[in-house]
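Under the working numbering, the first residue of the sequence shown is numbered -5, with each subsequent residue one higher. We treat Cβ as the ideally placed atom computed from N, Cα and C, and that holds for glycine. A quick note: this is a predicted structure, and the numbers were derived from the prediction, not measured. Taking it in order: structure first as structure tokens, then the write-up.
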Amino acid sequence: MNSSPNTPEPTRRLFFALWPTEPIRQALAEIARSVVCRGNPVSARNFHVTLAFLGPVDARRRDCMERMAAEVEAEPFVLRLNRMGCFSRAGIAWSGASRTPQGLISLVEGLHGRLAECGFIPEKRPFTPHVTLFRKARVESGSHKAVEWAVDGFCLVESSTLPTGARYRVLRRWPLRDDP
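Right, dumping it as structure tokens:
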């Protein structure tokens, strides 16, 4: 069956992210269990740091974005997650860094710059690297036992909304290079 020219092309809800290893997920899950918080806990399998939320993307734009992601030049870095915070308006309790490493800043700026060539418009609010631990939550800000995450790549992730909650699936990965 052929689609008519007026039929919209199917899209997928996508974002670029840092995707933690299993030991990092477990360390963050331990932090979440230690926090006194009323809210809905996020499954450890969904822990990530969003670099660029793309929203619904058709196949043509996805191809462009994947080509641009491959051109991003950034070096590996260590992300030290050591503080709890809350986006109170959104009800998001998170673990984040008290200091954003230069490598992460370079990665985000490089990725956003490349994605602009595909029509991506980044959010205007400042980038706050964080891993969401709870939704519909309130938590006091403060420090927690540090989780040292050696970041050596980033990925493209598909987000699906199911009756049981969000499901994320890594579609593709790119390594960070020591000598960009």
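CB of residue i within 9 Å of CB of residue j, strictly
{"i": "V141", "j": "P70", "result": "no"}
{"i": "S92", "j": "R77", "result": "yes"}
{"i": "T5", "j": "D52", "result": "yes"}
{"i": "L48", "j": "L98", "result": "no"}
{"i": "L8", "j": "P14", "result": "no"}
{"i": "G85", "j": "R132", "result": "yes"}
{"i": "V125", "j": "A46", "result": "no"}
{"i": "A68", "j": "L170", "result": "yes"}
{"i": "L127", "j": "P35", "result": "yes"}
{"i": "L156", "j": "M59", "result": "no"}
Where residue i falls: helix, strand or coil (DSSP)
{"i": "R32", "result": "strand"}
{"i": "V102", "result": "helix"}
{"i": "G177", "result": "Lying before the first or after the last residue shown, residue 177 is absent from the chain, which here runs from -5 to 174."}
{"i": "E24", "result": "helix"}
{"i": "M(-5)", "result": "Residue confidence for M(-5) is low, a pLDDT of 46 falling below 50, so the modelled location carries little weight and cannot support an answer."}
{"i": "P17", "result": "helix"}
{"i": "E60", "result": "helix"}
{"i": "A68", "result": "coil"}
{"i": "R108", "result": "helix"}
{"i": "G113", "result": "coil"}
{"i": "S119", "result": "According to the sequence displayed, residue 119 carries Arg and not Ser. The answer is coil: DSSP assigns R119 none of H, G, I, E or B."}
Residues that residue i bridges to, as DSSP identifies them
{"i": "S137", "result": "R77"}
{"i": "E152", "result": "L8 and R163"}
{"i": "G49", "result": "L8"}
{"i": "R132", "result": "R32"}
{"i": "V125", "result": "S89"}
{"i": "G147", "result": "P169"}
{"i": "T44", "result": "A11"}
{"i": "E142", "result": "R74"}
Nearest-angstrom Cβ-Cβ length linking residue i and residue j, presumed shorter than 8 Å
{"i": "W143", "j": "V29", "result": "18 Å between Cβ atoms; not a contact."}
{"i": "F148", "j": "F10", "result": "6 Å"}
{"i": "G25", "j": "S89", "result": "Going by the sequence as given, residue 25 is Ile instead of Gly. 6 Å between Cβ atoms; contact."}
{"i": "G79", "j": "S135", "result": "5 Å"}
{"i": "L105", "j": "V66", "result": "5 Å"}
{"i": "P116", "j": "V43", "result": "Not quite, the Cβ-Cβ distance comes to about 15 Å (not below 8 Å), so this is no contact."}
Contact test: residue i Cβ vs the ligand MG heavy atom, cutoff 8 Å
{"i": "R61", "result": "Here there are no bound small molecules, and the ligand MG is not part of this structure."}
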